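Only one structure is covered here, and it is reproduced in the block below.
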Amino acid sequence: MDKKLELQQKQERMEELKPIVSKGFPTDEELDLYIEKNKKYFDEYDILFKEIQKLKYEIKTPQEKEEYDEYLRKLKLKAEGKPLI
């Protein structure tokens with residue numbers, strides 16, 4: 036399957052799940068019960084998120100990948116408190 040089409044399908048499914056996984060509740064207890072009852076949707080949403088990130092990276096051009104990798108390298112250095120060389 037074409038990666039762009041696969042990405043689009045996964046993004047559409049994620050949008051379908053968004054109202055389920057982003058629902059708010061007044062108490063933590065109610066939220067915990069809701070998550071427990073809808074665990075399969077939360078798990079699917081997490082898996083889709085990771086797969087979408089992977090596909091977005093795979094679709095990038097070599098130059099875009101290089102720029103993104105450099106950005107991540109600098110982000111890691113900043114988080115570690117090291118100079119951004």
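Heads up: the sequence shown begins at 36 in my numbering, then just goes up one per residue. Just so you know, even glycine gets a beta-carbon here, dropped at the ideal spot from N, CA and C. Source: prediction; values computed, not measured.
Comparing alpha-carbon positions, the option among Asp78, Gln46 and Glu47 lying closest to Val56 turns out to be Asp78. Counting only the Cα atoms, Gly116 lies some 14 Å from Leu107. When the beta-carbon positions are compared, Ile87 and Leu42 come within less than 8 Å of each other.
Under the DSSP assignment, Leu112 falls in the alpha helix (DSSP H) whose first and last residues are Pro97 to Glu115.
For Asp63, the uninterrupted alpha helix (DSSP H) run begins and ends at Asp63 to Lys72, by DSSP.
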